[in-house]
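Enquirer:
Number of protein chains: 2
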Amino acid sequence: MNYLELSKEKKAQLLDEVNKEFNAFVAKGYKVDISRGKPCSEQLDIGMEMFKGIDKALESMPKNYRNYGMLSGIPEMQQLFADMLGLKPANIIVGGSSSLNLMYDTIQRALQFGVCGEKPWNDSKVKFICPIPGYDRHFAICEHFGIEMISVPMNEDGPIMDVVEKLVSLDDSIKGIWCVPKYSNPSGCVYSNEVVDRLAKMKTKAKDFRIFWDNAYVVHDLTDTPEKLANIMTVAEKYGNEDRIYEFASTSKVTLAGAGVACIGASEKNIKDILSHLTIETISYDKVNQYIHYLFLKDMNNIAAIMKKQREVIKPKFDKFINAFTEEFSTDSNIAKWTNPKGGYFITLDVYQGCAKRVYELCKEAGLTLTKAGAPFPYGRDDDDKTLRIAPTFTSTSDLDISIAILICCVKKACLEKLLED
Amino acid sequence: MNYLELSKEKKAQLLDEVNKEFNAFVAKGYKVDISRGKPCSEQLDIGMEMFKGIDKALESMPKNYRNYGMLSGIPEMQQLFADMLGLKPANIIVGGSSSLNLMYDTIQRALQFGVCGEKPWNDSKVKFICPIPGYDRHFAICEHFGIEMISVPMNEDGPIMDVVEKLVSLDDSIKGIWCVPKYSNPSGCVYSNEVVDRLAKMKTKAKDFRIFWDNAYVVHDLTDTPEKLANIMTVAEKYGNEDRIYEFASTSKVTLAGAGVACIGASEKNIKDILSHLTIETISYDKVNQYIHYLFLKDMNNIAAIMKKQREVIKPKFDKFINAFTEEFSTDSNIAKWTNPKGGYFITLDVYQGCAKRVYELCKEAGLTLTKAGAPFPYGRDDDDKTLRIAPTFTSTSDLDISIAILICCVKKACLEKLLED
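Quick mapping for you: the protein sequence lines, in order, are chains F and E.
The first sequence begins at 1 in our numbering and counts up one residue at a time.
The second sequence begins at 423 in our numbering and counts up one residue at a time.
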C-alpha cells in the first residue's frame with residue numbers, strides 16, 4: 001500500500017479504522033515507555049553478577065585502592081579502557097560512574113580555563129558542530145553553556161564532511177564537534193574510515209578545536225559481525241592532530257547504568273592539562289567500584305562474552321520493531337523509514353514530513369511515552385518534523401508489543417490526517 | 423625549660439645536641455608521612471566490612487536503583503544524611519564519592535550561572551572569606567577560579583565574627599565563606615552557638631551570599647562526650663536566611679576514603695536550583711554504592727558504633743602526639759603550642775614565629791613529610807610562619823614514633839637556630 005496514492009475516500013476510510021483502534025488504546029489506559037536508552041531488568045541482572053562473591057574477591061584488592069589518591073584511576077581499569085579504545089593506559093583517566101559528567105566537566109573547563117594553555121573558550125563566542133540527528137544530552141550541555149549549535153546532517157557513514165570541513169576552516173569560534181562514532185545515537189550509523197580520516201586531518205581555523213568522541217557504544221554490537229570503527233587517535237597522530245581528540249566511554253551499558261565506570265581518553269598533553277584542573281576538583285574517583293568492575297570485566301574477550309549476553313536480551317526487542325515496521329510500512333517509505341542498527345541503543349524512525357510531533361502527542365494520549373519529537377536536534381528543532389527516536393531496550397517484551405501497536409497506529413493516524421489536510 | 427630565657431651558650435649547646443640527633447635521622451634515610459588526613463589501613467578494614475555478604479544483601483535492593491535516574495539519590499541515603507545533618511530528606515542530594523567535588527561544582531555553577539536566578543557571580547569580582555587556619559583544598563578551589571580570598575583569624579569558637587560581620591556588610595563582592603564548623607580543619611575547634619547564630623543572622627551586602635558549611639567531621643568524635651554543633655539550618659530559618667546555607671558531608675572517613683558517599687544539604691529553593699543544573703551535568707550518581715552504604719550504615723546509632731571503632735584506632739595516635747608535645751614543650755608555649763582536638767583529623771602545631779617553613783624543610787630532609795608550611799592559609803601564605811598541620815591518622819603506629827621524634831627534633835633545631843640569630 002502506498003498511502004500517498006490512495007484516493008481521498010480510501011484515506012478517510014482508513015483513518016476511520018485507525019481512529020477506532022486509537023480510541024481503543026486510549027480507553028485501555030496503557031502506560032508504556034520507549035523514550036530513553038535504558039537497559040532492562042534482565043540486562044542489569046547480568047551486571048549484578050559483578051557482586052557475586054565480591055567480599056572474598058575484594059581481598060585481592062591492593063590496600064591503597066581503598067584510600068584517597070590515584071586520580072587517574074587504577075591501572076587495571078586504565079588498561080581495560082585503553083584496550084577498549086585502542087589507546088595506551090597512560091592516555092586514560094578512569095572517572096566516576098558517568099561519562100556524561102566527564103564530558104560536561106571537559107567543556108566547562110575549556111570554557112573557563114581554555115585547553116592546554118590556550119585562551120578560555122568563554123573569552124569570545126563559542127560554537128559547536130552538531131551532527132543531526134544526535135544525542136539530546138550533548139545538545140543540552142551546549143544549550144546550558146550558551147554554546148551556539150550548528151547542525152550538520154548525517155549520512156549513513158557519519159556527518160557530511162564537505163560541510164564540516166568548510167565550517168571549521170572558516171570560523172575560529174567553532175571549537176568542537178560532538179560525535180557518537182559507532183552506532184550513533186540515534187541513527188545507529190558507524191563513521192566510515194574516510195569520515196574518521198577527514199575529521200582527524202581537517203584544517204581547523206581554531207587551533208584549540210576539539211572532537212568530542214563519545215564512544216558510548218564501542219562494544220555494543222547487535223550482530224556477530226561487529227562494525228569496525230577506525231581508531232581516530234592513531235589517525236590523528238599521523239597528522240600531528242592527536243591533541244584534537246577527547247574520547248569518552250563507559251560501562252553503563254556493559255554492567256550497570258549509572259553505577260558503572262566511565263573514562264576519558266586523550267593525548268599525553270591533554271591528559272596532563274585535564275589532571276592539572278581535576279586535582280582541584282576532586283581527590284580521586286571511586287577506585288573500589290573500579291576494582292569491582294575490573295574483577296568482573298577482566299579483559300576484552302570477557303567483555304565480548306558479557307556483551308553477547310546483553311545482545312541476546314536486547315536483539316529480539318530491536319527485531320520486534322524492525323519486523324513490525326517492515327510488515328506495516330515496507331511498501332511506503334514516505335510514511336515511515338527506519339534504521340536497522342547493527343549496534344547501540346536506538347532505532348531512528350522517520351515519518352511523513354510534518355508528522356513527528358503529532359505522532360509523539362498521539363502516542364502520549366494513547367499511553368506510550370516516546371522520546372520527545374525534536375529531541376535529537378539542537379534546541380529541539382526538527383525542521384522537517386519527521387524524526388522519532390525509538391529506544392527498544394528498557395521495556396519488557398509484553399509491553400513492547402503494546403508499544404509497537406500504539407506507535408504504528410499513531411504513525412498511521414498522524415500521516416492520514418496530514419494527507420487528508422494537504 | 424624556657425628556650426627564650428636560656429643563655430646563648432646554653433642554646434648553642436642544645437642546638438649542638440639537636441644537630442647530632444638530626445644528622446642521625448638523616449643518616450637513617452627514613453620515609454614517613456603525616457601530611458594528609460587519610461585513614462589508615464585498620465580504619466579502612468572497618469569500612470570494608472561493608473562488602474561482607476553483599477551479593478546476598480543486594481537482592482533486597484529495589485531494581486530501579488541499578489538503572490539511570492533518581493538524581494537526588496536513593497531515599498534511604500537521603501534519610502540517613504538528613505538525620506546526620508538535622509535536615510529533611512527532601513533537602514538532601516546524595517552525590518558521588520566526593521564532597522569536595524560537590525563543593526567545586528557548587529562554586530562553579532554559582533560563578534557561571536548565579537544562584538537561584540541571581541546574576542552569575544563571575545559578572546564581577548568575587549571574594550570569599552577564609553577563616554584561618556583552614557582547609558587547603560577549599561582555598562585551592564578559590565585560587566583556581568580566581569576568587570579573592572580574605573583571611574579572617576579563628577578563635578577557639580570559630581572565626582572572629584566582628585570581622586566577618588563587618589566585611590560582609592560592606593562589600594557585595596564577598597559571596598561566600600568557607601566553614602568546617604565541627605572539629606575544624608586543622609584547628610579542631612567547634613563553632614560555638616553564638617558564632618553559628620551570628621553567621622546565620624548577619625546582614626550581608628550580597629543578597630546571593632552563601633555559607634559553605636563543610637561538615638566533614640560531623641560524626642568524627644575522638645571522645646565519648648562529643649561536642650555539640652548548633653544546627654545552622656534551623657537557626658538560619660529563624661532569620662529567614664535558610665537559602666544562605668550549603669551543607670556538605672560524606673562518609674569518606676566513616677567507610678572508605680574516596681569510595682564513600684557524599685551529599686549536599688540545602689533549602690528547598692537551593693535544591694531546586696541545584697537540580698536544574700545538575701540534570702544537565704549527569705544522569706544520576708552511583709545508587710548501588712549508595713545502597714551498599716545504606717545497608718552497612720543503617721542509622722545514626724549504628725554510625726555511632728562504627729565511629730567508636732574508628733576512634734579506637736585513631737585516638738591513640740592523636741594521644742601519642744599530644745603526650746610527646748606535652749612532655750617536650752609544656753613549659754614553653756613560645757616554642758610550641760598545639761591543639762588537643764576532640765574530633766576530626768588534625769592537630770595544629772604552632773611553633774616559634776618565623777620557623778614553620780624551616781621545620782617543614784628540616785623534616786623533609788630527615789625523611790618526614792609534613793603538610794606544607796603555609797598550606798592552611800590562602801595562597802599558602804602564613805604571615806607569621808608559625809603554623810603546622812599534623813595528620814596523625816594515616817601512619818602506622820611504629821612510623822608514628824619516628825615521625826614524632828623527627829618532628830620534635832626539627833622543631834627544636836629550627837627554633838634554636840632562629841633564637842641564636844635573633
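Heads up, the beta-carbon is just placed ideally off N, CA and C, and yes, glycines get one too.
These figures come from a predicted structure and were not determined experimentally.
Can you tell me whether E/Arg632 is buried or exposed? The criterion is at least 16 other CB atoms within 10 Å of its CB, across all chains shown.
Expert: So E/Arg632 ends up on the buried side.
Enquirer: Let me check you understand the geometry: is the CB of F/Lys357 closer than 6 angstroms to at least one non-hydrogen atom of the ligand FAD?
Expert: Absence of the ligand FAD from the depicted structure is noted, as is the absence of any ligand whatsoever, leaving it without description.
Enquirer: Spell out whether any CB of chain E is found under 7 angstroms from the CB atom of F/Asp55.
Expert: With 7 angstroms as the cut-off, F/Asp55 counts as an interface residue toward chain E.
Enquirer: Quick one: is E/Ala679 near chain F, going by C-beta distance under 7 angstroms?
Expert: Cβ-Cβ to chain F under 7 angstroms: yes for E/Ala679.
Enquirer: Taking only the alpha-carbon atoms, compute the straight-line gap between E/Asn441 and E/Gly451 and give it to the nearest angstrom.
Expert: Spanning the two alpha carbons is a distance of roughly 16 angstroms.
Enquirer: Please list, in chain order, all residues of the same chain as F/Val288 whose beta carbon is under 8 angstroms from its beta carbon, the five residues on each side excluded.
Expert: For F/Val288, where only same-chain residues beyond five positions count, the Cβ hits under 8 angstroms are Leu58, Met61, Tyr65 and Arg66.
Enquirer: Restricting to runs no shorter than 3 residues, where is the beta strand (DSSP E) found entirely within the stretch 739-790 of chain E?
Expert: Qualifying beta strand (DSSP E) stretches, in chain order: 758-760 and 769-773.
Enquirer: Tell me E/Met492's beta-bridge partners as DSSP assigns them.
Expert: Answer is none; E/Met492 lacks a bridge partner.
Enquirer: Buried or exposed: which applies to F/Thr339, given that a residue is buried once 16 or more other Cβ atoms fall within 10 Å of its Cβ?
Expert: Per the 10 Å Cβ criterion, buried.
Enquirer: Going by CA-CA distance only, name the one from F/Tyr191, F/Phe139 and F/Asp208 that's closest to F/Ser169.
Expert: Comparing Cα-Cα distances from F/Ser169 to each of F/Tyr191, F/Phe139 and F/Asp208, the minimum goes to F/Asp208.
Enquirer: According to DSSP, is F/Ala262 part of a helix, a strand, or is it coil?
Expert: The answer is strand: DSSP assigns F/Ala262 an E or B state.
Enquirer: Give the single residue among E/Phe444, E/Asn424, E/Leu426 and E/Lys430 whose Cα lies nearest to the Cα of E/Lys786.
Expert: When each option's Cα is compared against that of E/Lys786, the closest is E/Phe444.
Enquirer: Expressed to the nearest angstrom, what Euclidean distance is found between the alpha-carbon atoms of E/Leu426 and E/Val574?
Expert: Approximately 29 angstroms, taken between the alpha carbons.
Enquirer: Please report whether the beta-carbon of E/Phe473 lies at a distance below 7 angstroms from any beta-carbon of chain F.
Expert: Yes - at least one Cβ of chain F is within 7 angstroms of the one on E/Phe473.
Enquirer: Could you tell me which chain E residues have their CB closer than 8 angstroms to the CB of F/His144, listed as they occur along the chain?
Expert: Residues of chain E passing the Cβ test: His699 and Ile702.
Enquirer: Buried or exposed for F/Ser252, please, with buried defined as at least 16 other CB atoms from any protein chain shown within 10 angstroms of its CB.
Expert: It is buried - the Cβ of F/Ser252 has at least 16 other Cβ atoms within 10 Å.
Enquirer: List, in order along the chain, the chain F residues whose C-beta lies closer than 7 angstroms to that of E/Gln732?
Expert: Ordered by position in chain F, no residue passes the 7 angstroms Cβ test against E/Gln732, which lies about 14 angstroms from the chain.
Enquirer: Am I right that E/Gly680 and F/Ser284 are in contact with their C-beta atoms under 8 angstroms? What's the rounded C-beta distance?
Expert: Yes, they are in contact, since the Cβ atoms of E/Gly680 and F/Ser284 sit about 4 angstroms apart, within 8 angstroms.
Enquirer: Helix, strand or coil, according to DSSP, for E/Val640 in the structure here?
Expert: Coil at E/Val640, not helix or strand.
Enquirer: Mind listing the chain E neighbours of F/Ala373? Cutoff is C-beta to C-beta under 7 angstroms, in chain order.
Expert: Under the 7 angstroms cutoff, chain E gives no residues; its nearest Cβ is about 20 angstroms from F/Ala373.
Enquirer: The alpha helix (DSSP H) with E/Met845 in it runs from where to where?
Expert: This structure leaves residue 845 of chain E out entirely; chain E is present only between 423 and 844.
Enquirer: What's the call for E/Asp695, buried or exposed, on a 16-neighbour Cβ count within 10 Å?
Expert: It counts as buried.
Enquirer: Since E/Arg811 is in the beta strand (DSSP E), which residue starts that stretch and which ends it?
Expert: Taken as a continuous stretch (DSSP letters only), the beta strand (DSSP E) holding E/Arg811 covers Thr809 to Ile812.
Enquirer: Mapping the DSSP letters down to three states, classify E/Gly796 as helix, strand or coil.
Expert: Coil.
Enquirer: May I have the straight-line CA-CA distance separating E/Gly682 from F/Ser41, to the nearest angstrom?
Expert: So the two alpha carbons sit approximately 26 angstroms from each other.
Enquirer: Residues in the stretch 721-752 of chain E with C-beta within 7 angstroms of chain F's C-beta atoms, listed in sequence order?
Expert: Here the close residues number zero.
Enquirer: Which same chain residues, not among the five before or five after E/Glu664, have their C-beta less than 7 angstroms away from its C-beta?
Expert: Hits under 7 angstroms: Met655, Ala658 and Ser689.
Enquirer: If I measure Cβ to Cβ from E/Leu589 and keep anything under 8 angstroms in the same chain, skipping five residues before and after, which residues do I get?
Expert: Correct list, in chain order: Ile551, Ile572, Val574 and Ile596.
Enquirer: Does E/Val833 come out as helix, strand or coil in the three-state DSSP assignment?
Expert: Note: E/Val833 maps to helix in three-state DSSP.
Enquirer: Of all Cβ atoms in chain E, is any one closer than 7 angstroms to the Cβ of F/Tyr68?
Expert: Answer yes: the Cβ-Cβ gap between F/Tyr68 and chain E drops below 7 angstroms somewhere.
Enquirer: Have a look at F/Lys413 and F/Ser398 and give me their C-alpha separation to the nearest angstrom.
Expert: Computed Cα separation, rounded: 23 angstroms.
Enquirer: Chain E partners of F/Gln108, CB-CB under 7 angstroms?
Expert: In chain order: Gln530.
Enquirer: Does the Cβ of F/Asn101 have 16 or more other Cβ atoms within 10 Å, making it buried, or fewer, making it exposed?
Expert: Buried, because 16 or more other Cβ atoms sit within 10 Å of the Cβ of F/Asn101.
Enquirer: Provide the residue span of the alpha helix (DSSP H) that contains E/Asn577, from first to last.
Expert: Looking at the DSSP string, E/Asn577 is not in any alpha helix (DSSP H); the run it does join, the beta strand (DSSP E), is Glu570 to Asn577.
Enquirer: Which residue marks the beginning of the alpha helix (DSSP H) containing E/Ala671, and which one marks its end?
Expert: That residue, E/Ala671, is in no alpha helix (DSSP H); its beta strand (DSSP E) goes Ile667 to Ser672.
Enquirer: Under 8 angstroms, CB to CB, which of the residues in the stretch 705-720 of chain E have a partner in chain F?
Expert: Within the stretch 705-720 of chain E, the qualifying residues are Ile705, Ser706, Tyr707, Asp708, Lys709, Val710 and Asn711.
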